[in-house]
Amino acid sequence: MHAMQFSLNNNWIELSPETQAAVDRMGPFSQHALFLLCCQQLYQSQGGTPPDANSPLATDGYTIARNLIDQNDIAKMRAMIDTALDRESPPFKPTSEDPGFNIDWREKDKLDAAKILHKAFSGTVENIIQSYLGSNFLIRTVTSGRLFPSKRQTVSYQWHRDSEVPHQIHVILYLTDLSDSHGTTDILPIPETKAIAGAGYDFPGVADRKSDLTAECEKAGCAYAPRRVEAKAGDALIFTPNRVLHRGVQPIEGARDAVLAVALPAPMPWALTLQHNFSRMYLTKHLLNVATDPFAGYFPKWLVNRMPQWVRQFSMLPPDWGPGANL
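The letter at position 306 of the sequence shown is residue 300 when you use our numbering, and the numbering goes up by one with no holes.
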């Protein structure tokens, strides 16, 4: 057993040979947990604070930030979606199986979106994320698109948790007002999600996802009381998708426009990576980040087919790690 040793090289974490050898024997979830610890230690050495156990992301798994961008920026992002739809050949036609359209980003779109994301994340959002992680972070990937009405629920609109690293954070920046008829999001906070997981609804297979968890809540001894997100265009839902049950509420009429940004720990401030990550950041579909190597700049590495028990039990770290990550 030894304590992890690392340094900063070209603004990224570089492990000592002994620590790297230990890391090479780890599975993907443990590697990501260790990377978070490295980022936390570096952040604190630079004057940052440890993770706040009382932050809303830690206690509830979600929070809402208001008035992050103005009407001009909202209009710019919605116009990007309109223009991207106009470019589609053949034209995009939403179906019950595929009711959502995401932008195929042009270089100009990326530049404009980066400016708007900088406004959206500066201040409130960065403070929420840094308080929860106790480290710097980066915006790993971004999608933007329009969700059309659908006559039937797709699997993303049934109750689920994402099979991702537990410290991954999603920021949904809404470009349209939310409502029961125009689409929104439902959340079950961490305490209720834990109880429901204990009752057996614990990362069910896609075919076993449900839209009503009344029976599971009765078994768990908790009320079935989904929190429906109420937000205006320019507001954002910030949540931990591995740690809270969530589901989209599809529009009945109109459409829901939004930007989805995925945040993960990083050794350098998010605003710096925002400037340099254009080629890999803006996608039509988000990646499975647990399948990447965080020590190699989140480069794809793994084929992941198993989630360790400590993640299922809502821990952020493996149980056998000592103080300072004795490996």
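C-beta atoms are modelled at their ideal positions from N, C-alpha and C, and glycine is treated no differently. Since the structure is predicted, the reported quantities are computational estimates derived from the model, not experimental observations.
{"Item": "Straight-line Cα distance separating Phe142 from Met74", "Value": "16 Å"}
{"Item": "Alpha-carbon to alpha-carbon, Val298 and Glu12", "Value": "25 Å"}
{"Item": "Sufficient close CB pairs (3 or more, under 8 Å) joining the stretch 124 to 131 to the stretch 255 to 272", "Value": "yes"}
{"Item": "Contained beta strand (DSSP E) runs [length at least 3] in the stretch 85 to 166, N- to C-terminal order", "Value": "94 to 96 and 131 to 141"}
{"Item": "Minimum C-alpha distance to Ser116 - residue among Gly215, Ala249, Leu268 and Thr208", "Value": "Leu268"}
{"Item": "Whole-angstrom distance between Ala52 and Asp46, CA atom to CA atom", "Value": "7 Å"}
{"Item": "Check whether Thr137 and Ala249 have beta carbons under 9 Å apart", "Value": "no"}
{"Item": "Among His176, Phe289 and Pro198, the one whose alpha carbon lies nearest that of Arg155", "Value": "Pro198"}
{"Item": "Buried/exposed call for Val200, threshold 16 Cβ in 10 Å", "Value": "exposed"}
{"Item": "Validate contact between the stretch 235 to 247 and the stretch 59 to 77 using beta carbons, cut 8 Å, 3 pairs", "Value": "no"}
{"Item": "Proximity winner among Ile163, Asn3 and His112, relative to Pro259 (alpha-carbon distances)", "Value": "Ile163"}
{"Item": "Spatial distance of Leu153 from Tyr195 (CA atoms)", "Value": "Checking the displayed sequence, the identity of residue 153 turns out to be Trp instead of Leu. The straight-line gap from Cα to Cα measures roughly 9 Å."}
{"Item": "Residues sharing a beta bridge with Val292, DSSP", "Value": "The sequence shown places Tyr at residue 292, rather than the Val named in the question. Answer by DSSP bridge pairing: none, since Tyr292 is not bridged."}
{"Item": "Helix, strand or coil at Arg323 according to DSSP, with G and I counted as helix", "Value": "Not covered by the structure: residue 323. The range shown for the chain is -5 to 321."}
{"Item": "Three-state secondary structure assigned by DSSP to Ile190", "Value": "helix"}
{"Item": "Residues sharing a beta bridge with Pro259, DSSP", "Value": "Phe131"}
{"Item": "Per-residue burial, His270 [other beta carbons within 10 Å of its own, 16 or more giving buried]", "Value": "exposed"}
{"Item": "Proximity below 9 Å, CB of Asp67 to CB of Lys102", "Value": "no"}
{"Item": "Local Cβ density within 10 Å of Lys188, reported as buried at 16 or more and exposed below that", "Value": "buried"}
{"Item": "Among Gln(-1), Ala255 and Ile110, the one whose alpha carbon lies nearest that of Ile123", "Value": "Ala255"}
{"Item": "Whether Ile190 touches Leu207 by CB criterion (9 Å)", "Value": "yes"}
{"Item": "Buried/exposed call for Ala290, threshold 16 Cβ in 10 Å", "Value": "exposed"}
{"Item": "Host beta strand (DSSP E) of Tyr56 (start-end)", "Value": "Tyr56 to Ala59"}
{"Item": "Residues near Ile181 by beta carbon distance below 6 Å, same chain, minus five either side", "Value": "Tyr56, Arg221, Val238 and His240"}
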